[in-house]
Amino acid sequence: MENDNLEIPSLKSHQAWHVEYSHPAPRCLPIIYLSNRVLAISCFDIPPSVNQQTATPWHTTDQTTPMPCPGTGQLSEKELSAALVNGDWTAFDIQTIRMMIRMFDTDRNGTINFEEFCGLWSFLASWRTLFDRFDIDRSGNISLQEFTDALIAFRYRLSPHFVSLLFRTYDKRNEGVMSFDLFVQSCISLKRMTDVFKKYDDDRDGYITLSFEDFLSEILKQLR
Numbered sequence: 001m002e003n004d005n006l007e008i009p010s011l012k013s014h015q016a017w018h019v020e021y022s023h024p025a026p027r028c029l030p031i032i033y034l035s036n037r038v039l040a041i042s043c044f045d046i047p048p049s050v051n052q053q054t055a056t057p058w059h060t061t062d063q064t065t066p067m068p069c070p071g072t073g074q075l076s077e078k079e080l081s082a083a084l085v086n087g088d089w090t091a092f093d094i095q096t097i098r099m100m101i102r103m104f105d106t107d108r109n110g111t112i113n114f115e116e117f118c119g120l121w122s123f124l125a126s127w128r129t130l131f132d133r134f135d136i137d138r139s140g141n142i143s144l145q146e147f148t149d150a151l152i153a154f155r156y157r158l159s160p161h162f163v164s165l166l167f168r169t170y171d172k173r174n175e176g177v178m179s180f181d182l183f184v185q186s187c188i189s190l191k192r193m194t195d196v197f198k199k200y201d202d203d204r205d206g207y208i209t210l211s212f213e214d215f216l217s218e219i220l221k222q223l224r
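End of the sequence shown sits at 224 in UniProt numbering; the numbers just go up one at a time, nothing left out.
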């Protein structure tokens, strides 16, 4: 694998379906599969034959079941959680779901509408490309070594001890590997923490002086 420097997918590029992308747009939108009347979108099961211009995230293989049409309907946290799954069909971690809603709920009503979902799906598709790049053994998960390689490619220079700590923090299933949703969650969280640090590191020397209240304020912002 080439060790080129990579950029973490940016939120701004995926907030609306009509915007230009900093990464290639996904080849298609997902088909939502209906199993026991529960929607599930596998981020690893995107049929390449689906036309991006005609397919919608509200499409279902069961044509007899009424579904929201483009431009109507809302997905709550619970519904989005039931919809998004990993390649092994395990559900997304609830913190990843909440992170996606905070990032893409542009009208701040606590739900995801059709346009917001299109941006969210494009964002996840960009992450899927990066995930596949670092999943060297094609296991469908990211190991500690693969995670280390990813952070290096993202231009992070972190000690092995900290990388291991970060990995264990987001290995929430204690399996020694990181699923797609947790890989996304960990990288976005690291990017946010980095952005906070850069805001106070005026001389870019890697050290900052921060009052206790400023520190607490930044922590609270990350919890929103």
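Note that beta-carbon positions come from the ideal geometry of N, C-alpha and C, so glycine has one too.
Which stretch, first to last residue, makes up the alpha helix (DSSP H) that contains residue i?
i, result
"residue 121", "114-134"
"residue 178", "Careful: residue 178 lies outside any alpha helix (DSSP H) and carries neither H nor E."
"residue 144", "144-153"
"residue 160", "160-170"
"residue 92", "Run containing residue 92: none; DSSP gives neither H nor E here."
Go ahead and pull the three-state DSSP assignment for residue i.
i, result
"residue 35", "Any reading at residue 35 must be qualified, since the residue scores a pLDDT of 34, below 50, and its modelled position is unreliable; the value itself is stated next. Three-state DSSP puts residue 35 in a strand."
"residue 84", "strand"
"residue 182", "helix"
"residue 75", "strand"
"residue 101", "helix"
"residue 173", "coil"
"residue 210", "coil"
"residue 137", "coil"
"residue 111", "coil"
"residue 7", "coil"
"residue 202", "coil"
"residue 194", "helix"
"residue 55", "Because the pLDDT at residue 55 is just 39, under 50, the model does not fix this residue reliably, and the value given afterwards should be weighed accordingly. The answer is coil: DSSP assigns residue 55 none of H, G, I, E or B."
"residue 106", "coil"
"residue 28", "Low confidence applies here, because residue 28 scores a pLDDT of 36, under 50, leaving its location unreliable; read the following figure in that light. Coil at residue 28, not helix or strand."
Would you say the beta carbon of residue i comes nearer than 8 angstroms to a heavy atom of the ligand SAM?
i, result
"residue 177", "What this structure holds is no ligand at all, so the ligand SAM is not there to describe."
With distances taken from CA atoms, which of the options is nearest residue i?
i, options, result
"residue 93", "138, 183 and 110", "183"
"residue 221", "127, 192, 209 and 142", "192"
"residue 262", "189, 85, 209 and 79", "Given that the chain is displayed from residue 1 to residue 224, the structure contains no residue 262 and the question cannot be resolved."
"residue 133", "149, 119, 89 and 168", "149"
"residue 140", "188, 90, 160 and 161", "90"
"residue 7", "154, 81, 114 and 75", "154"
"residue 74", "125, 107, 215 and 96", "107"
"residue 217", "208, 204, 196 and 79", "196"
"residue 124", "111, 97, 215 and 146", "97"
"residue 130", "179, 116 and 100", "179"
"residue 160", "102, 172 and 146", "146"
"residue 168", "118, 144, 119 and 151", "144"
"residue 118", "215, 201 and 104", "104"
"residue 121", "78, 215, 181 and 210", "181"
Kindly give me the distance between the Cβ atoms of residue i and residue j, rounded to whole angstroms, as I take these residues to be in contact under 8 angstroms.
i, j, result
"residue 136", "residue 177", "With 8 angstroms as the limit, residue 136 and residue 177 do not qualify as a contact, their Cβ atoms being about 12 angstroms apart."
"residue 186", "residue 158", "Incorrect: roughly 12 angstroms between the Cβ atoms, too far for contact."
"residue 9", "residue 189", "Not confirmed; about 14 angstroms, so no contact."
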